[in-house]
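So the sequence lines, in the order shown, correspond to chains A and B. For the first sequence, counting from 1, position 317 maps to 344 in our numbering; every step adds exactly one. For the second sequence, counting from 1, position 2 maps to 29 in our numbering; every step adds exactly one. These notes are about the structure you will find just below.
Protein chains: 2
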Amino acid sequence: MVIDDLDNENLYEIELNHPKHRLMAPGPTMVPERVKMAMLRSIRHHRSQYFAGLLEQVRDGLREIFRTDGDILIFTSSGTGMLEAAVQNFFSEGDRVLVVNTGHFGDRWVRICQAYGLTVRVLEVEWGRAVNPKLIEQRLSEEVGREIKGVFVTHTETSTGIENDIEEIGKIVRETDALFLVDTVSGLATSRYQMDEWGVDVSLSASQKGLMCPPGLGFAAVSEKAWMANRRATLPRFYFDLASAKDGMADFKTPWTPAISIIYGVHEAIKMILSEGLENVWERHNKLAMAMRAGITAMNLTLFSINHAPNVTVVNCPDGVTSKELRGKILERFGIYLADGQGRLKDRVFRIGHMGYVDKLDVIATLGALEVVLKDFGHIFDEGAGLREALDVIRG
Amino acid sequence: MVIDDLDNENLYEIELNHPKHRLMAPGPTMVPERVKMAMLRSIRHHRSQYFAGLLEQVRDGLREIFRTDGDILIFTSSGTGMLEAAVQNFFSEGDRVLVVNTGHFGDRWVRICQAYGLTVRVLEVEWGRAVNPKLIEQRLSEEVGREIKGVFVTHTETSTGIENDIEEIGKIVRETDALFLVDTVSGLATSRYQMDEWGVDVSLSASQKGLMCPPGLGFAAVSEKAWMANRRATLPRFYFDLASAKDGMADFKTPWTPAISIIYGVHEAIKMILSEGLENVWERHNKLAMAMRAGITAMNLTLFSINHAPNVTVVNCPDGVTSKELRGKILERFGIYLADGQGRLKDRVFRIGHMGYVDKLDVIATLGALEVVLKDFGHIFDEGAGLREALDVIRG
């Protein structure tokens, strides 16, 4: 069984079989034609007034999407680079921090904090569940006298398919002096997020998820409380120095040469998101997720997660079929790319992303392909039920 | 006088006046149509076998272009991020290093080394001149007993328009235990560069210069000697961790989500470069530079630099005209973007980039525009002489 097996000398062969590729992964995601067209425009110099004007509009749009009046800083980076920036810029060696670990991306934050010599307290949450905010309250109260300087939480954790309750956690963290830092790399523009109202101090995101662009840009949104911590923070940093990025943004400049074509793309994607309406974008993702879950469970498959994020559905593999086999077959027969499990879930689950440039019929198409492939593998289920249930959600 | 003044509500107005934008800056540079077309292709997941096949070809191509058998590591980053990676991955706090500072990008390396607590020795070179390799030999011999662990040099320094003699410097550094680290961000695929033959241990570059792509990707090429130093290096690092990037490249994976569309672009650009022939690419840049310098000096303008790089021409502003005025006028009238001076040269020089997707007639067009604008400013020169001299070089 091959997974998207491809002879290196024949890189384009699979495209001849399936000229239409459906990237149903939880990032990177599909890119709208409008965004592609925008990215074709001539490269303008990043120190030109023209580019500054563009960057101002991107800044303004991202403020609306993060729901913040704070500073927006833009880097050529993946989301992980922005997580590192959140550690480097607000803390000093030995600082005590609390990482809420609800999956692969919580793990990543633990590793970054350790790489920079922080004293890391980890609230381990069973994979597939969101954190109970009361446990954070309890951990913070246990640490009295040993000041926790930052609480790190993942908004939507695509490795397990859960969403943490950032609003409730914010109410708890704001009662302390700790900074509240949120990885909303996959959450932004896919699930409700209100940085300022929820008391988030530092939000991190990237271009290739809800923002419907190719990967290449990372974003940090920073509150006043965070800037105060920044002035005391002594960890070494250069490329991801947020304070110099802030200085540059006063003239709508990035500190280093940015991924200009992707800035063009984000500029266009923001227009698409705001014209659809951010609330409608969130509602669309909710609807996609409900339809997908209804279809999946009607096919006699089970969901891995208990608390569901609206941008990804994590499905336990049916008995006797590995994720690699199932994903390989669906790619081979239909040109649909689903994601494998990450870390300890590798080959045990498959992950269907429905974020960004995805509509209701993409869900139906994916379920249709899955139905064909599941039957091939001898999975027992009520044929047609998955599509019927999903259509009921879509219709309703 | 405005420089590319642009009403923010009318972002596209300047394009109506000048639908053809000529970006004659020393990076970012113009992007070929073939590369743009490649970047339009559907986003493929970075953990797919398809993408691994692509990455293998990019790795192989970059090895040819760096002229190395060493490891090639790919990051979503600007060139500066790769300079930081070169510091983080091979040194420990307090290590003594020598930075050869021939301009703005030499300065940048000094600042990064200082940010990470290295003991930085700086060989200051007058701006506009290449370093005399004998001075490096002298400095290294003065430091006997106080081991210099790394020598940092900029290959082509676009702020001043010079090129350092990497081959000669390599002969000196290889007599010591120090690593030889070279910023060839602008030099790669514009000027002769032979990493292995010249004894370079770490080479850094990026996508938006000689590689003719939009900015977004950084590249590091690493020798065996450098990996030995890496194992002892204790500076904190995560996103730019080269050893984990090396592990990933064993399966043709990047550690984090890469700028996929720009990988497509680099894949295509490599094909263009290798089909032109790397030696021919270098020779083309030489010819462009000779034609540009012949034209500029025939227009009664003077060059800022003494030792010339083939990818940029740095020109002293004529009496009574600032760089801002001259660049603003040439943009306004002809849609050509020239770069300002950097750092201490701001407004005193203007910089004409001729790297990447630039041909002989782009040089002629730029000189033509310059002739018109210089006359408007009342500059005294032999009209027509610049174009005539440049054409003579091109013809010859």
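Even glycine gets a Cβ: it sits at the ideal position worked out from N, Cα and C.
Rounded to the nearest whole angstrom, the CA to CA distance from Asp374 (chain A) to Ser350 (chain A) is 5 angstroms. In the DSSP annotation of this structure, Glu174 (chain A) is not part of any alpha helix (DSSP H), being labelled neither H nor E. A straight line joining the alpha-carbon of Glu91 (chain B) with that of Ile407 (chain A) spans about 53 angstroms. Interface residue (Cβ-Cβ distance to chain B less than 8 angstroms): Pro59 (chain A) is not classified as such.
Of the residues assessed, Ile287 (chain A) falls on the buried side of the cut-off, its CB having 16 or more other CB atoms within 10 angstroms. Nearest to Leu89 (chain A) by alpha-carbon distance, out of A:Ile290, A:Tyr77, A:Leu365 and A:Leu401, is A:Ile290.
In the three-state reduction of the DSSP assignment, Thr324 (chain B) falls in the helix class, which pools H, G and I. Only residues of its own chain outside the window of five on either side were considered, and among them Phe331, Val341, Val342, Asn343, Cys344, Ser350 and Gly368 have a CB closer than 7 angstroms to the CB of Val376 (chain A), listed in chain order. Minimum Cα-Cα distance from Thr217 (chain A) among the listed residues A:Lys47, A:Gly383 and A:Leu401 corresponds to A:Gly383. For Glu120 (chain A), no alpha helix (DSSP H) run applies, since DSSP gives it neither H nor E. By the CB criterion at 8 angstroms, Leu150 (chain B) and Val137 (chain B) fall outside the cutoff. Beta bridge pairing from DSSP links Ala233 (chain B) with B:Gly245.
Residue environment analysis places Leu215 (chain B) among the buried positions, since at least 16 neighbouring C-beta atoms fall within 10 angstroms of its C-beta. Contact of Glu111 (chain A) with chain B is assigned, a C-beta pair being separated by under 8 angstroms. Closest by C-alpha distance to Leu401 (chain A), out of A:Gly237, A:Gly355, A:Ala296 and A:Asn334, is A:Gly355. The CB of His182 (chain B) never comes closer than 8 angstroms to any CB in chain A; the least such distance is about 17 angstroms. For Gly144 (chain A), the residues of chain B that pass the 9 angstroms Cβ criterion are Pro263, in the order they occur in the chain.
For Arg378 (chain A), the enclosing beta strand (DSSP E) stretches over residues Val376 to Gly380.
When DSSP states are grouped into helix, strand and coil, Val158 (chain A) belongs to the coil group.
By the neighbour-count criterion, in which a residue is buried when 16 or more other Cβ atoms sit within 10 angstroms of its Cβ, Pro160 (chain B) is buried. By the C-beta density criterion, Ile70 (chain A) is buried, having at least 16 other C-beta atoms within 10 angstroms. With a contact defined as Cβ atoms closer than 8 angstroms, Val227 (chain B) and Val249 (chain B) miss out at about 10 angstroms. Nearest to Glu111 (chain B) by C-alpha distance, out of B:Val385, B:Thr281, B:Met222 and B:Val209, is B:Val209. By the CB criterion at 8 angstroms, Ala256 (chain A) and Met109 (chain A) fall outside the cutoff.
With a cut-off of 8 angstroms on Cβ pairs, the segment 112 to 126 of chain A is not in contact with the segment 290 to 302 of chain A, counting fewer than three such pairs. If you look at Leu269 (chain B), you'll find it in the alpha helix (DSSP H) that goes Leu269 to Met276.
It is roughly 8 angstroms from the alpha-carbon of Trp254 (chain B) to the alpha-carbon of Phe117 (chain B).
The three-state reading of DSSP puts Ile333 (chain B) in coil, since its state is none of H, G, I, E or B. Here Ala325 (chain B) is near Gly413 (chain B), since their CB atoms are less than 8 angstroms apart.
The straight-line gap separating the alpha-carbon atoms of Ile323 (chain B) and Thr393 (chain B) is approximately 10 angstroms. Leaving aside the five residues that flank Gly172 (chain B) on each side, none in its chain has a CB nearer than 6 angstroms to its CB. Note that the C-beta distance between Ile189 (chain B) and His335 (chain B) is below 8 angstroms.
Around the C-beta of Ser105 (chain B), 16 or more other C-beta atoms lie within 10 Å, and the residue is accordingly described as buried. The three-state secondary structure of Phe207 (chain B), taken from DSSP, is strand. Rounded to the nearest angstrom, the gap between the Cα atoms of Val178 (chain A) and Trp283 (chain B) is 23 angstroms. In the DSSP assignment, Arg135 (chain B) falls within the alpha helix (DSSP H) that extends over His131 to Ala142.
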